[in-house]
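What follows is a short report on a single structure.
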Amino acid sequence: MKSEAYFIKNARIFDPTLGLDQAGDVLLRDGKIEALGAGLKPQGDFKTIEGKGKVLVPGFVDLHTHLREPGFEHKETVETGTRSAAAGGFTTICCMANTNPVNDNAAVTEYILNKAREKASVRVLPIGAISKGLQGKELAEIGELKQAGCVGVSDDGMTVMDSRLMRLAMDYARGFDLPVLTHSVDAELARGAAMHEGEVSCRLGLKGMPAEAEDIIVARDIYLSRLTGGRLHVAHVSTLGSVELIRQAKRAGLPVTGEAAPHHFTLTDQACEGYDTHAKMCPPLRGEEHRRAVVAGLADGTLDCIATDHAPHATVDKETEFDQAAFGILGFETALPLSLRLVEQKAISLARMVEALTAKPLAVLRRPYQGLKVGADADVALLDLEGLWTYRAAEGFSKSRNSPFEGWELKGRAVATWVGGRLVHAL
Ligand SMILES: [Zn+2]
592 MKSEAYFIKN ARIFDPTLGL DQAGDVLLRD GKIEALGAGL KPQGDFKTIE GKGKVLVPGF
652 VDLHTHLREP GFEHKETVET GTRSAAAGGF TTICCMANTN PVNDNAAVTE YILNKAREKA
712 SVRVLPIGAI SKGLQGKELA EIGELKQAGC VGVSDDGMTV MDSRLMRLAM DYARGFDLPV
772 LTHSVDAELA RGAAMHEGEV SCRLGLKGMP AEAEDIIVAR DIYLSRLTGG RLHVAHVSTL
832 GSVELIRQAK RAGLPVTGEA APHHFTLTDQ ACEGYDTHAK MCPPLRGEEH RRAVVAGLAD
892 GTLDCIATDH APHATVDKET EFDQAAFGIL GFETALPLSL RLVEQKAISL ARMVEALTAK
952 PLAVLRRPYQ GLKVGADADV ALLDLEGLWT YRAAEGFSKS RNSPFEGWEL KGRAVATWVG
1012 GRLVHAL
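Per the working numbering, residue 592 is the first one in the sequence shown, and the count goes up by one each step.
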């Protein structure tokens, strides 16, 4: 298929990883960035896109998403999930293995990759399971998963409680040069819990999971990384304790990385007041001291990336008692404006934000970073950082509606997204 050529005029061209911040034009042709600079005079057929007042960045990369296909197509599909990702400025996303069947073998990985080839708006990189059926008992065929195209392994949604199995997983993953992405919640300490354990859970009469349920597993996995040399990526870090543990592990030179989800740096457990099931996720929204620690971790690079944990659920999964409701919220279309709030609060710089959404997640996967340079794949997003808009989940592209940010007035969004030079989203 011949892709069209696009001439993006007068944008702020911003790629902090490459030290690029200049006004200019960009020409996308044949799937690549063909030219980039001030006052370009392109030849031939192209569509002009006015970039004045907008910022052109490398497309965002999300290490942590749930596309729900196969098995839960009523919540999301590869098609709808990736369309929503494109609307958020993402051009590459990783999808977790908790589908049905679980992505614990090559056939499921190939199924997802085939769907992606047919239907996806953005690039899809599957994450394979650590254990067969996410049961935490027997190791999945990690070599086979890598061969089929998985870029990491994770039992996300479940914690591998068996330390011996986790040690084995890290050993194998190191052998195959894959990161192990962890969902860190001690299953026993968190049994039956619906939210963070603290004042708010007491007041609401809901069973809470203490911050220590996360800290204990993060500490264990850091020790196992030290023991095996395996690469540990701690997903959706939500506690002060785990930020500090990751900071120490990095200082000690261990191959440990971490990510922060926008809901954890935006909200606290106060959002659960009124039993709003859209504030229910795992790990849960925590107290303010934890939220601040996550922000500080993102600011100093202890937490390398911003990842959405996009977790669509059908209305019936959320319109129920708080302790019965499903964990998780939508993430793609609110990630940028929520991250920009941190920039506006001067908690992080715009450069740090962009790096946390582009080069850093690729570094976790040890995939090459191309960014905004001539000859690179044309995976780019044009952002409006100033415009105000009201978020309505129903106006978004996900099949689901579960967001605690419904009705929020937000600032900033992607106005256009290209993947391999193909325009996959335009406002
Ligand atoms: Zn998780």
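From the three backbone atoms N, C-alpha and C, an ideal C-beta is built for every residue, glycine too.
Query                                                                                                                                                       : Result
Only counting runs of 3 or more residues, tell me where the beta strand (DSSP E) segments fall wholly within the stretch 802-841, in order along the chain. : 823-825
Can you list, in chain order, the residues of its chain whose CB lies under 6 Å from that of K723, leaving out five sequence neighbours each side?          : D695, E729 and A731
Have a look at A711 and A984 and give me their C-alpha separation to the nearest angstrom.                                                                  : 20 Å
Leaving out five residues before and five after G680 in sequence, what residues of the same chain have Cβ atoms less than 7 Å from its Cβ?                  : G650, F651, L927, A972, L974, A1005 and T1008
So G878 and G789 are supposed to be a Cβ contact under 8 Å. How far apart are they, rounded?                                                                : 5 Å
Given that a residue counts as buried once 16 or more other Cβ atoms are within 10 Å of its Cβ, and exposed if not, what is T906?                           : exposed
How is D975 classed by DSSP in three states: helix, strand or coil?                                                                                         : strand
Are G987 and A614 closer than 9 Å when you measure CB to CB?                                                                                                : no
Can you give the Cα-Cα distance for K990 and P801, rounded to whole angstroms?                                                                              : 32 Å
Are the CB atoms of S775 and A785 nearer to each other than 9 Å?                                                                                            : no
Ligand 1 and A810: does any heavy atom of the ligand fall closer than 8 Å to the residue's C-beta?                                                          : no
Report the start-end ranges of each beta strand (DSSP E) in the stretch 937-982 that is 3 residues or longer and not cut off at the edges.                  : 971-981
In chain order, what residues have a CB nearer than 5 Å to some heavy atom of ligand 1?                                                                     : D747 and H774
State the Cα-Cα distance for the pair F923 and R842, rounded to the nearest angstrom.                                                                       : 32 Å
Leaving out five residues on either side along the sequence, give the residues of the same chain with a beta carbon under 6 Å from the beta carbon of S833. : E805, D806 and V809
Under a Cβ-count criterion, where at least 16 other Cβ atoms within 10 Å of its own Cβ denotes burial, should R603 be classed as buried or exposed?         : buried
So the candidates are R811, M752, R932 and G642; which of them puts its Cα closest to the Cα of L979?                                                       : R932
When burial is assigned at 16 or more other CB atoms within 10 Å of the CB, is E625 buried or exposed?                                                      : buried
Going by DSSP, what residue range makes up the alpha helix (DSSP H) through K710?                                                                           : A697 to K710
Do C896 and L948 have their C-beta atoms closer together than 9 Å?                                                                                          : yes
Would you mind sorting T859 into buried or exposed? The rule is 16 or more other CB atoms within 10 Å of its CB.                                            : buried
Counting beta carbon pairs with one atom in the stretch 886-894 and one in the stretch 930-946, are three or more of them shorter than 8 Å?                 : yes
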